[in-house]
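In terms of the working numbering, the sequence shown is residues 683 to 886. Reading through the structure tokens given below for one structure.
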Amino acid sequence: MAYATIRRGASEGIWSIDSEEGSSFFIPKQLAARLGYYENQQIDKTQYCQLKDVYVAMQVREKALSLLARREHSHRELTLKLLRRGFEKTIIETELNRLEKQGVLDDARYAATFVASRQARNPEGKPMLQARLAQKGIDREIINDVLHEWFDDNEQVGTALLTAIRKLSKSSSSTDQLVYKLRKKGFSASQIRMALEKENAALD
Numbered sequence: 683m684a685y686a687t688i689r690r691g692a693s694e695g696i697w698s699i700d701s702e703e704g705s706s707f708f709i710p711k712q713l714a715a716r717l718g719y720y721e722n723q724q725i726d727k728t729q730y731c732q733l734k735d736v737y738v739a740m741q742v743r744e745k746a747l748s749l750l751a752r753r754e755h756s757h758r759e760l761t762l763k764l765l766r767r768g769f770e771k772t773i774i775e776t777e778l779n780r781l782e783k784q785g786v787l788d789d790a791r792y793a794a795t796f797v798a799s800r801q802a803r804n805p806e807g808k809p810m811l812q813a814r815l816a817q818k819g820i821d822r823e824i825i826n827d828v829l830h831e832w833f834d835d836n837e838q839v840g841t842a843l844l845t846a847i848r849k850l851s852k853s854s855s856s857t858d859q860l861v862y863k864l865r866k867k868g869f870s871a872s873q874i875r876m877a878l879e880k881e882n883a884a885l886d
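Right under this line is the structure:
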């Protein structure tokens, strides 16, 4: 006995999978045909479930691409967002792994973008950035590579520290308090000393 029937959808190139027992859904004709299905075909429950999985995978991919179009995401961050939307973890992982192979989703690129953005707005030292990236599920090796590259640029680090100094100076009543706040942000004593010397020299 047929569990569902494949019918022509209202839009060109779209088929409707209609079932009296399960939920109905739409799927691109080309995709279903590639799997061996045809219009007006009656299918059993196993075939219905196969097409439903394809449909859900399409939804996962489309939502992931929509989120990535707004900004870079880490694999874990995207997984959590898709889980909250009710998608199954196994399908999420399959689709995100596919996006990674295609270069659309990239934790290293996300980490580099995150660090650059963070350092431009609210500069921090390496330990703080390591913790933030780890919380976002970035692999330790990727974190180390990205931070090594960023902090290896002395001019870049100096600019970030000066930004932090000028920002924190407004709420600091003394140099000691300023240094304390900078240390809390993860900057080393030597980095702070060099930056303060440079800032003081610029003011003289």
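Don't be surprised by glycine CBs; every beta carbon is placed ideally from N, CA and C.
Strand pairing of residue i, partner residues [DSSP]
{"i": "Ala686", "result": "Ser701 and Ile725"}
{"i": "Ile825", "result": "Bridge partners of Ile825: none, in fact."}
Of the residues the options, the one placed nearest residue i, counting alpha carbons only
{"i": "Ala790", "options": "Glu881, Ile824 and Lys727", "result": "Ile824"}
{"i": "Leu733", "options": "Gly691, Arg767, Arg743 and Ala714", "result": "Ala714"}
{"i": "Gln741", "options": "His757, Gly768 and Gln723", "result": "Gly768"}
{"i": "Arg683", "options": "Gln712, Gly695, Thr795 and Gln729", "result": "The sequence shown places Met at residue 683, not Arg. Minimum Cα distance to Met683 is reached at Gln729."}
{"i": "Lys849", "options": "Lys867, Asn836 and Glu837", "result": "Lys867"}
{"i": "Ser701", "options": "Val736, Ile725, Leu878 and Lys771", "result": "Ile725"}
{"i": "Lys771", "options": "Arg758, Ala692 and Ser705", "result": "Arg758"}
{"i": "Lys711", "options": "Glu703, Ser693 and Gly704", "result": "Ser693"}
{"i": "Leu778", "options": "Leu864, Glu881, Ala739 and Leu878", "result": "Ala739"}
{"i": "Arg780", "options": "Arg753, Arg743, Arg716 and Leu750", "result": "Arg743"}
Three-state class that DSSP yields for residue i in the structure shown
{"i": "Ile774", "result": "helix"}
{"i": "Pro710", "result": "strand"}
{"i": "Ile847", "result": "helix"}
{"i": "Arg874", "result": "Going by the sequence as given, residue 874 is Ile instead of Arg. Here Ile874 sits in helix by DSSP."}
{"i": "Ile820", "result": "coil"}
Backbone CA spacing between residue i and residue j [nearest angstrom]
{"i": "Arg875", "j": "Ser799", "result": "24 angstroms"}
{"i": "Asp788", "j": "Thr687", "result": "40 angstroms"}
{"i": "Ser698", "j": "Tyr719", "result": "12 angstroms"}
{"i": "Asn722", "j": "Arg690", "result": "8 angstroms"}
{"i": "Gln801", "j": "Gly785", "result": "25 angstroms"}
{"i": "Val861", "j": "Asp835", "result": "22 angstroms"}
{"i": "Gln873", "j": "Thr841", "result": "11 angstroms"}
{"i": "Lys727", "j": "Ala746", "result": "28 angstroms"}
{"i": "Ala877", "j": "Leu864", "result": "11 angstroms"}
{"i": "Phe707", "j": "Lys783", "result": "28 angstroms"}
{"i": "Ser756", "j": "Trp832", "result": "19 angstroms"}
{"i": "Ile773", "j": "Ile696", "result": "22 angstroms"}
{"i": "Ile709", "j": "Tyr685", "result": "17 angstroms"}
Exercise. Do the region 838-845 and the region 788-807 touch if we need at least three Cβ pairs shorter than 8 angstroms?
Worked result: They touch, by the three-pair rule.
For this session: Pair every Cβ in the region 816-836 with every Cβ in the region 853-863, then say whether three or more of these pairs are closer than 8 angstroms.
Result: no
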